[in-house]
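Written below as structure tokens is the structure these notes are about.
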Amino acid sequence: MNKKEIEEAERMLFNVPIGENPKIWRYMDFTKYVSMLNSSKLHLTRCDQFEDQYEGYTPKQEVLKRLEEFKKEHTDKHKYTPEQSSELLKWVWEKFQRQYIFINCWHMNEYESAAMWKLYAKSNEAISIQTTYDKLRNALPMSCHVGKVKYIDYQVYTKEKDEKTYNVMFKRKSFEHEKELRVCYADVYDFEQAIKNPDSFEQDNPRTYEQVPINLSEIIEAVLIAPGAPRWFSDLVEDVTEKFDCHFPIIHSDLNKGPIY
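Here the sequence shown is numbered in the working numbering, starting from 159 and rising by one per residue.
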């Protein structure tokens with residue numbers, strides 16, 4: 159596939175923010191920040207390793223709608239028995255999107271979020287990376303895809319006629335406050351090989367994460383220190399950042415500043 163074809167596929171499958179360039183944030187503990195500096199890589203977690211048990215699953219009405227047409231298509235195409243086609247369907251919906259797609263999560267917001275600090279920082283010894291969608295997307299290899307999460311009701315939602323959005327871009331309405339942007343890497347080669355071999359449907363993917371090389375200097379606009387962090391922690395973040403020959407602006411959170419009258 160050429161670049162234009164990849165961009166079109168990305169638009170259809172990953173809910174790309176068209177005509178937008180939102181400011182995005184990644185909240186993390188200090189140890190994860192150091193690991194990222196040391197490796198110059200983004201850490202992507204396998205879909206089924208997140209706490210939300212709905213991650214990667216197909217909405218109920220979509221399952222009912224697609225069941226028979228999917229079974230017929232793959233029975234004819236791969237000469238499977240109907241039982242094997244049913245197993246393939248289960249594998250695609252419950253394993254491929256949950257075990258062969260890896261995710262790195264960002265929060266879309268013009269400003270830092272007190273709620274995100276509380277959710278994703280285990281203590282006040284934490285940081286948040288700030289960048290934009292364009293900078294992140296342009297720095298990633300073409301094997302990675304970036305899109306906005308679509309928040310749905312899993313019991314009633316059905317895709318529109320031409321919609322091909324991957325299930326990993328869906329989350330329940332109760333998570334809508336996260337305003338999530340996702341980096342996704344799909345292990346398509348292993349998926350295609352598995353489809354050719356029905357015996358592989360019961361096998362689990364041994365990998366639980368992927369790491370993607372990235373030039374941090376190209377994407378990071380600022381590093382924000384968590385509200386309430388002690389002075390020594392701020393100094394430590396600055397020192398460690400410099401030791402890895404990185405020169406991002408280190409900024410203190412405004413959330414603990416009092417009103418000025």
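Even for Gly, the Cβ is constructed at its ideal location relative to N, Cα and C.
The structure presented is a predicted model; accordingly, all values stated were derived computationally and were not measured.
| query | Per DSSP, what kind of secondary structure is M186 in: helix, strand or coil? | reply | For this step, residue 186 is matched to residue 28 along the sequence shown. In this structure, M186 counts as strand in the three-state DSSP scheme.
| request: Pull up the distance between the alpha-carbon of S198 and that of L339, whole angstroms please. | output: The residue given as residue 198 occupies position 40 in the sequence shown. The residue given as residue 339 occupies position 181 in the sequence shown. Computed Cα separation, rounded: 20 Å.
| message | Below 7 Å, is the gap between the Cβ of K162 and the nearest heavy atom of the ligand GDP? | response | As far as ligands go, the structure on display features none, and thus does not contain the ligand GDP.
| request: Assign E368 to buried or exposed, taking buried as 16 or more other Cβ atoms, counted over all protein chains shown, within 10 Å of its Cβ. | output: Reading the sequence shown from its first residue, position 210 is the one you call residue 368. Buried, by the Cβ-count rule.
| message | Buried or exposed, going by whether 16 or more other CB atoms sit within 10 Å of the CB of Y269? | response | For the purposes of this step, residue 269 is taken as residue 111 along the sequence shown, with counting starting at 1. By the neighbour-count rule (16 or more Cβ atoms within 10 Å), Y269 is not buried but exposed.
| field | Distance, V381 Cα to S392 Cα | value | Counted from its first residue, the sequence shown places residue 392 at position 234. Counted from its first residue, the sequence shown places residue 381 at position 223. Spanning the two alpha carbons is a distance of roughly 11 Å.
| field | F260 in three-state terms, based on DSSP | value | Residue numbering aside, residue 260 sits at position 102 when the sequence shown is read from its first letter. Note: F260 maps to strand in three-state DSSP.
| request: Could you tell me whether the Cβ atoms of K379 and Q288 are closer together than 8 Å? | output: Here residue 379 is taken as the residue at index 221 of the sequence shown, counted from 1. Here residue 288 is taken as the residue at index 130 of the sequence shown, counted from 1. It should be noted that the sequence gives Glu, not Lys, for residue 379. In contact: E379 and Q288 (Cβ atoms closer than 8 Å).
| query | Is the beta carbon of S301 sitting closer than 8 Å to the one on Y343? | reply | Locating residue 301 in the sequence shown gives position 143, where the first residue counts as 1. Locating residue 343 in the sequence shown gives position 185, where the first residue counts as 1. Contact: yes.
| said: Going by C-alpha to C-alpha distance, which of D403, I377, H410 sits closest to P385? | reply: Locating residue 385 in the sequence shown gives position 227, counting from the first residue. Nearest of D403, I377, H410 to P385, Cα basis: H410.
| Is the number of C-beta pairs between the stretch 181 to 192 and the stretch 284 to 298 that are closer than 8 Å three or more? | yes
| message | On the CB-based measure, 16 or more other CB atoms within 10 Å of its CB, does P217 come out buried or exposed? | response | For the purposes of this step, residue 217 is taken as the residue at position 59 of the sequence shown. Flag for P217 reads buried.
| task | Take P364 as the anchor and find which of N173, P175, K401, D206 has the nearest alpha-carbon. | result | Translated into the one-based positions of the sequence shown, residue 364 becomes position 206. Taking only the C-alpha atoms, the option nearest P364 is D206.
| message | Determine whether the beta carbon atoms of Y309 and K331 lie at a separation below 8 Å. | response | On the sequence shown, position 151 is the one that residue 309 refers to. On the sequence shown, position 173 is the one that residue 331 refers to. The answer is yes: Cβ separation under 8 Å.
| query | Rounded to a whole number of angstroms, what is the C-alpha to C-alpha distance between P371 and M194? | reply | As a first step, residue 371 is located in the sequence shown; it is residue number 213 there, counting from the start. As a first step, residue 194 is located in the sequence shown; it is residue number 36 there, counting from the start. Spanning the alpha carbons of P371 and M194 requires a straight line of approximately 10 Å.
| said: Within the continuous alpha helix (DSSP H) that includes I377, where are the two ends? | reply: Stepping through the sequence shown from its first residue, residue 377 is reached at position 219. Segment 374 to 377, the alpha helix (DSSP H) holding I377.
| Residue burial classification, R389 (beta-carbon count within 10 angstroms, cutoff 16) | To locate residue 389, count along the sequence shown from 1; it is residue 231. So R389 ends up on the exposed side.
| query | What's the C-alpha gap between I377 and L298? | reply | Your numbering for residue 377 matches position 219 in the sequence shown. Your numbering for residue 298 matches position 140 in the sequence shown. Computed Cα separation, rounded: 10 Å.
| How is the alpha helix (DSSP H) around A387 delimited, first residue to last? | Start at 1 with the first residue of the sequence shown, and residue 387 comes out as number 229. A387 -> no alpha helix (DSSP H), and no H or E assigned at all.
| task | Can you grab the Cα-Cα spacing for the pair K293 / S375, in whole Å? | result | Your numbering for residue 293 matches position 135 in the sequence shown. Your numbering for residue 375 matches position 217 in the sequence shown. Roughly 10 Å separates the two Cα atoms.
| Between K161, V174, N296, I164, which lies nearest to T323 when the distance is taken from Cα to Cα? | For the purposes of this step, residue 323 is identified with residue 165 of the sequence shown, where counting begins at 1. It is V174 whose Cα lies nearest to the Cα of T323.
| message | What does the Cβ neighbour count give for E165, buried or exposed, with the cut at 16 atoms within 10 Å? | response | Locating residue 165 in the sequence shown gives position 7, counting from the first residue. So E165 counts as exposed.
| task | Work out the CA separation of E163 and N325 for me, nearest whole Å. | result | The residue given as residue 325 occupies position 167 in the sequence shown. The residue given as residue 163 occupies position 5 in the sequence shown. Rounded to whole angstroms, N325 to E163 spans 21 Å at the Cα level.
| request: Could you check if K276 is buried or exposed, using at least 16 other CB atoms within 10 Å of its CB as the buried criterion? | output: Locating residue 276 in the sequence shown gives position 118, where the first residue counts as 1. When all chains shown are included, K276 counts as exposed.
| For A167, the nearest candidate out of E336, E321, Y215 (CA to CA) | Locating residue 167 in the sequence shown gives position 9, where the first residue counts as 1. For the residues E336, E321, Y215, the minimum Cα distance to A167 belongs to E321.
| request: For T189, count neighbouring Cβ atoms within 10 angstroms of its own Cβ and tell me buried if that reaches 16, exposed if not. | output: Stepping through the sequence shown from its first residue, residue 189 is reached at position 31. Exposed, by the Cβ-count rule.
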